[in-house]
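In UniProt numbering, the protein residues as written are 1 to 372. What follows is a short report on a single structure.
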Amino acid sequence: MSVLLVIAAALIVLFFQRLIWKRVWNRGLRVQVSFDQQAVTEGEQCRLTEVVTNRKILPLPALEIKFRVNRELCFLDSKNTSTTDLSYRSDVFCMLPYQRITRKMEVACKRRGYYTISKIDLVPANLLHPQLLSEGRSCRAELYVYPQRSALKGLEIPFNQMMGQCLTRRFLYEDPFEFRGIRDYVPADGMKRINWAATAKTGELKVNQYQDTSQQRVTLLLNLETEGTHVYRALQEESIRIVRSLTEWFCARGVPVRFLSNARDAESENPVQSMFGTGSAHALHCKRLLARIELGKGQQDFARMMRNFQFERSDFWVLISTSQNKQLQAAARQCGTGGGTPQWIVPLHPEMQRRLELPGVKQYYFEVEARI
1 MSVLLVIAAA LIVLFFQRLI WKRVWNRGLR VQVSFDQQAV TEGEQCRLTE VVTNRKILPL
61 PALEIKFRVN RELCFLDSKN TSTTDLSYRS DVFCMLPYQR ITRKMEVACK RRGYYTISKI
121 DLVPANLLHP QLLSEGRSCR AELYVYPQRS ALKGLEIPFN QMMGQCLTRR FLYEDPFEFR
181 GIRDYVPADG MKRINWAATA KTGELKVNQY QDTSQQRVTL LLNLETEGTH VYRALQEESI
241 RIVRSLTEWF CARGVPVRFL SNARDAESEN PVQSMFGTGS AHALHCKRLL ARIELGKGQQ
301 DFARMMRNFQ FERSDFWVLI STSQNKQLQA AARQCGTGGG TPQWIVPLHP EMQRRLELPG
361 VKQYYFEVEA RI
């Protein structure tokens, strides 16, 4: 009889233990996953931190934390990582009552991109509770991996000429809102410049003078389409690096710059484009936009987009495009010369053909040896 009572008592305890475990194992349990930096440059490393806190008296003998991330983020300690189309990470924690455990993992950022961890799965283990329990939780860990700067190897002299042309044209325009003074009329002056009050007072034609202003603006046109069925990923990435290098160069010299592209954003899928701006803040904003480009989402027809772009008379544009098709060349002719001689930079592999036929556009072929 006593044996039966012991067995019955054990079963009752086991039943309530399972019931309690099922209801409270996740109470007071906090899990945080975050990167130690908001942004790095491709090729650099960062740390991913896991912080698990058990704020209750019930211990967790084995708590498995699972999440997934893009495979371009490579964990240097790969023993708990499985990589297929994504990298799947699984770490096990033994949590005592009221304990916090922090683990840091080194991550190599192999390629430009915008990477997020939006969900984690918690899986507890209990020998007295064979039923599998799990809970999914949302989180927000994000990392920008900026493109590297392009070395522009072989383009040093043309690049300096192109930049020099832009800088020398910065102050060729007058600001009608910045009055500088009055001078004598010359035949080249228009009627709208005549100061009639000064003319009546002196008896001779006088015209207004205005301060020079930096109206020279630069538009970088980034076309990531490739011709044919083969996608040249290395050339696309080098085109993005060229845009970063040019953007930072102009921003550092106070020249308003923007870029327009047919690439899509990693999350919104809208075309990735920037407004005109200058300075370090604008350069940082452009780097973030370039990091968010998702090449796998396809690109719009850039020749059609170019026909809809609006350029002012002072705008200077540079096209970065591996594609050299006839439609794109025709669209480049229609864009006009703007504030200087248009430029076309063509990243290509050494064996690829050079087929540009645009006499009014300066052409630079930039050879890329690396392949992806």
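In this text, a Cβ means the ideal position worked out from N, Cα and C, and glycines have one as well. Computed from a predicted model, the values in this text were never measured in an experiment.
Runs of the beta strand (DSSP E) lying entirely within the region 296-321, each at least 3 residues long, are 315-321 in chain order. When beta bridges are read from the DSSP output, C46 appears opposite V107. Around the beta carbon of T84, fewer than 16 other beta carbons sit within 10 angstroms, so the residue counts as exposed.
Setting aside the 5 residues that flank it on each side, T102 is surrounded in the same chain by V51, each with a C-beta closer than 6 Å to its C-beta; the list follows chain order. When DSSP states are grouped into helix, strand and coil, W344 belongs to the strand group. Cβ neighbours of V243 within its own chain (closer than 7 Å, five residues either side excluded): L220, L222, F259, L290 and I320. When secondary structure is reduced to three states using DSSP, T247 falls in the helix class.
Beta-bridge partners of M95 (DSSP): L60. S118 sits in a strand when the DSSP states are folded into three classes.
Within its own chain, the residues whose Cβ lies closer than 6 Å to the Cβ of R354, once the five positions on either side in sequence are excluded, are Y365, listed in chain order. Here R137 carries a strand assignment [DSSP, helix/strand/coil]. In this structure, P124 lies near W25, with their beta-carbon atoms less than 8 Å apart. Counted as a single uninterrupted DSSP element, the beta strand (DSSP E) harbouring R30 occupies residues L29 to F35. In chain order, Y365 place their CB closer than 6 Å to the CB of V346, counting only its own chain and leaving out the 5 sequence neighbours on each side. DSSP, read as helix, strand or coil, puts V24 in helix. Excluding five sequence positions before and after P59, the CB atoms of its chain that fall closer than 7 Å to its own CB belong to M95, L96 and P97, given in chain order.
The DSSP assignment places complete beta strand (DSSP E) segments of no fewer than 3 residues inside the region 216-267 at 217-223 and 257-265, in order along the chain. With a cutoff of 8 Å on beta-carbon distance, E42 and L76 are scored as not near each other. The beta carbon of R288 sits closer than 7 Å to those of Y144, all from its chain and outside the five residues before and after it, given in chain order. In the three-state scheme derived from DSSP, where H, G and I count as helix and E and B as strand, G279 is classed as helix. Take the alpha-carbon of R149 and the one of Q334: they are about 31 Å apart. When C-alpha distances from P350 are compared across W344, K326, T322 and V361, the shortest belongs to T322. Per DSSP, T84 lies in no beta strand (DSSP E) segment and is marked neither H nor E. With contacts defined as CB atoms closer than 8 Å, V31 and I120 qualify as a contacting pair. Between K362 and the set F316, L295 and L348, the nearest pair of CA atoms involves F316. Between I194 and R112, the C-beta gap is not smaller than 8 Å, which leaves the two residues out of contact. In terms of Cβ geometry, S274 and C286 form a close pair [threshold 8 Å]. In the structure shown, Q363 falls within a strand segment according to DSSP collapsed to helix, strand and coil. For L73, the enclosing beta strand (DSSP E) starts and ends at L73 to F75. Inclusion of T278 and V255 in the CB contact set at 8 Å is warranted, their separation being smaller than that value. In terms of Cα proximity to V69, the closest of N54, E44, C109 and T247 is C109.
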